[in-house]
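Structure first, then comments.
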Amino acid sequence: MSATLTGITERVFAYRAPDPQLEVFEPPKDRAFFADPEKKALLAAAKQVRHLTPYIGTELIGVQLSQLNEAQKDELALLVAERGVVFFRNQDITLEQQHELTKHYGIQDRDPNQQDPRHVTIIGRDNDIRAYGDFAGEYHADHSHEANPPAYTMLRMVKTPEFGGDTIFTSQTALFDKLSPSFQKLFESLHGVHSSEHQFLASVNAGYQPFRAPQRREHPLVRTHPVTNLKSLFYNPMFVVHIAELKGQEAIHTLNFLREHLHAADDLTVRWKWEPGSVAFWDNRVVAHRALPGGYDTSLREGKRTAIFGEAPFFDPSSETLSERLKKGKDEQVGDETVKLHFSN
Ligand SMILES: [Fe+2]
1 MSATLTGITE
11 RVFAYRAPDP
21 QLEVFEPPKD
31 RAFFADPEKK
41 ALLAAAKQVR
51 HLTPYIGTEL
61 IGVQLSQLNE
71 AQKDELALLV
81 AERGVVFFRN
91 QDITLEQQHE
101 LTKHYGIQDR
111 DPNQQDPRHV
121 TIIGRDNDIR
131 AYGDFAGEYH
141 ADHSHEANPP
151 AYTMLRMVKT
161 PEFGGDTIFT
171 SQTALFDKLS
181 PSFQKLFESL
191 HGVHSSEHQF
201 LASVNAGYQP
211 FRAPQRREHP
221 LVRTHPVTNL
231 KSLFYNPMFV
241 VHIAELKGQE
251 AIHTLNFLRE
261 HLHAADDLTV
271 RWKWEPGSVA
281 FWDNRVVAHR
291 ALPGGYDTSL
301 REGKRTAIFG
311 EAPFFDPSSE
321 TLSERLKKGK
331 DEQVGDETVK
341 LHFSN
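Going by full-length UniProt numbering, the first residue of the sequence shown is number 1, and it counts up by one from there.
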């Protein structure tokens with residue numbers, strides 16, 4: 001991508017997006033609310049449950065997504081909400097079955113650049129992430145600028161290079177928890193301004209036809225997860241361009257801090273190496289992710305992503321940080337390990 005792709009060119013002036021913006025609405029109740037808190041049916045079906053890091057990421061070994069019953073599907077939503085992202089390998093699920101499975105969790109969402117209404121085709125990229133105006137490899141939550149940004153999001157890889165194209169997922173719940181109480185208090189009072197404008201410009205200038213006009217939208221900088229009732233940051237450097245309550249330089253420095261906080265969080269991160277048939281199922285509300293571009297034949301990477309509408313992001317002051325939840329678990333004599341790995345009450 002070159003810097004010209006960020007500009008307001010003749011092509012941008014001439015372009016009219018065909019579809020209207022989406023209004024905020026209340027989506028169906030999160031399926032995780034219907035799950036057995038112990039997730040017995042799902043976990044019993046796995047040959048192995050492998051927690052990949054303390055804070056984020058679990059791999060379920062020996063489970064086929066195509067074979068899940070209704071109870072197991074709901075329990076998977078809860079596991080994803082708690083662990084941020086759940087991984088699978090060697091899946092036999094077809095695209096049609098992936099569409100059906102996605103529908104179980106809510107109303108199918110559609111990225112503004114998505115041509116097929118049912119899925120996005122994710123491809124390989126060879127961008128220079130250090131180039132001016134190139135944000136393609138940056139951390140983000142998928143189209144967080146929407147009124148109802150996606151909640152559960154699934155990416156199934158059809159083909160992958162032997163190496164390269166890994167995806168990194170970072171827990172925003174843990175990112176918020178690692179801040180000092182003073183910063184936590186300040187950030188709880190702020191709203192991030194999420195913008196799709198630069199992505200829209202890049203998209204039109206590259207010859208694509210986004211079906212919705214660009215938008216700016218304010219969301220709480222700290223949001224509450226409706227299922228776990230935990231606080232998490234709702235920040236990402238791809239789409240958050242300003243902090244609504246701050247003056248210009250205050251916002252710039254705060255955003256720089258947040259970006260460094262996110263990029264320095266190797267301890268709150270899981271890096272996933274894809275194989276054909278691998279699936280990542282993540283909670284886009286509380287996880288930031290980035291796919292690493294370059295260094296491989298990009299024609300060898302292709303995946304199918306589906307997502308559902310989440311609730312309008314909200315902040316509940318009575319919700320808890322991760323540390324408060326862990327402390328409560330200790331006070332209640334619950335094993336530390338259990339609480340750490342399963343955040344719900
Ligand atoms: Fe993404």
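From the three backbone atoms N, C-alpha and C, an ideal C-beta is built for every residue, glycine too. Fair warning: this is a prediction, and the values are worked out from it, not measured in the lab.
Span of the alpha helix (DSSP H), counted from its first residue to its last, around residue i
{"i": "Thr173", "result": "Gln172 to Asp177"}
{"i": "Val204", "result": "Glu197 to Asn205"}
{"i": "Gln248", "result": "Note that residue 248 corresponds to Gly in the displayed sequence, not to Gln. Gly248 -> alpha helix (DSSP H) spans Gly248 to His263."}
{"i": "His99", "result": "Leu95 to Tyr105"}
{"i": "Ala45", "result": "Lys40 to Ala45"}
{"i": "Phe315", "result": "Run containing Phe315: none; DSSP gives neither H nor E here."}
{"i": "Phe88", "result": "No alpha helix (DSSP H) holds Phe88; the beta strand (DSSP E) holding it covers Val85 to Phe88."}
Status (buried if at least 16 other CB within 10 Å, exposed otherwise) for residue i
{"i": "residue 347", "result": "Any property of residue 347 remains undetermined from this structure, which presents the chain solely from 1 to 345."}
{"i": "Val24", "result": "exposed"}
{"i": "Glu59", "result": "buried"}
{"i": "Gln199", "result": "buried"}
{"i": "Pro117", "result": "exposed"}
{"i": "Asp331", "result": "exposed"}
{"i": "Pro226", "result": "buried"}
{"i": "Glu75", "result": "buried"}
{"i": "Lys185", "result": "exposed"}
{"i": "Phe105", "result": "A small correction: the amino acid at residue 105 is Tyr; Phe does not occupy that position in the sequence shown. Under this definition Tyr105 is a buried residue."}
{"i": "Asn90", "result": "exposed"}
{"i": "Glu162", "result": "exposed"}
{"i": "Phe309", "result": "buried"}
C-alpha distance - residue i paired with residue j, whole-angstrom precision
{"i": "Gln215", "j": "Thr306", "result": "22 Å"}
{"i": "Ala151", "j": "Arg285", "result": "5 Å"}
{"i": "Thr9", "j": "Tyr208", "result": "14 Å"}
{"i": "Asn127", "j": "Glu218", "result": "29 Å"}
{"i": "Thr321", "j": "Gln249", "result": "28 Å"}
{"i": "Trp282", "j": "Leu233", "result": "16 Å"}
{"i": "Thr94", "j": "Pro317", "result": "42 Å"}
{"i": "Thr6", "j": "Gln21", "result": "22 Å"}
{"i": "Gln108", "j": "Leu255", "result": "31 Å"}
{"i": "Gly277", "j": "Thr102", "result": "17 Å"}
{"i": "Glu82", "j": "Ser189", "result": "25 Å"}
{"i": "Glu275", "j": "Asn69", "result": "25 Å"}
{"i": "Asp19", "j": "Ile252", "result": "32 Å"}
{"i": "Asp297", "j": "Met157", "result": "15 Å"}
{"i": "Trp272", "j": "Ile168", "result": "6 Å"}
{"i": "Val247", "j": "Gln115", "result": "Residue identity differs from the one stated: residue 247 is Lys in this sequence, not Val. Looking at the two C-alpha atoms, the distance is approximately 38 Å."}
{"i": "Ser319", "j": "Leu230", "result": "6 Å"}
{"i": "Ile243", "j": "Asn236", "result": "12 Å"}
{"i": "Pro112", "j": "His143", "result": "8 Å"}
{"i": "Ser203", "j": "Ala71", "result": "40 Å"}
{"i": "Pro37", "j": "His119", "result": "30 Å"}
Start and end residues, beta strand (DSSP E) containing residue i
{"i": "Pro150", "result": "Pro150 to Lys159"}
{"i": "Leu60", "result": "Thr58 to Ile61"}
{"i": "Ser144", "result": "Looking at the DSSP string, Ser144 is not in any beta strand (DSSP E), and its letter there is neither H nor E."}
{"i": "residue 363", "result": "Here the chain has residues from 1 to 345 only, and residue 363 is not among them."}
{"i": "Ala291", "result": "Val287 to Ala291"}
{"i": "Glu218", "result": "Arg216 to Pro220"}
Presumed contact (8 Å Cβ cut-off) between residue i and residue j, rounded CB distance
{"i": "Pro313", "j": "Pro149", "result": "7 Å"}
{"i": "Ile56", "j": "Ala141", "result": "No, Ile56 and Ala141 are not in contact; Cβ-Cβ is about 14 Å, not under 8 Å."}
{"i": "Pro220", "j": "His191", "result": "6 Å"}
{"i": "Val279", "j": "Leu65", "result": "6 Å"}
{"i": "Thr160", "j": "Leu300", "result": "7 Å"}
{"i": "Glu302", "j": "Thr153", "result": "About 17 Å; that fails the 8 Å criterion."}
{"i": "residue 351", "j": "Phe239", "result": "For residue 351 there is no data in the structure shown, the boundaries of the chain being 1 and 345."}
{"i": "Leu262", "j": "Tyr139", "result": "6 Å"}
{"i": "Gln67", "j": "Lys304", "result": "19 Å between Cβ atoms; not a contact."}
Contact with chain B by residue i, beta-carbon distance below 9 Å
{"i": "Arg271", "result": "The structure shown has no chain B; it contains just one protein chain."}
Legend entry - Exercise answer, beta-carbon shell around ligand 1 heavy atoms below 6 Å: His140, Asp142 and His289
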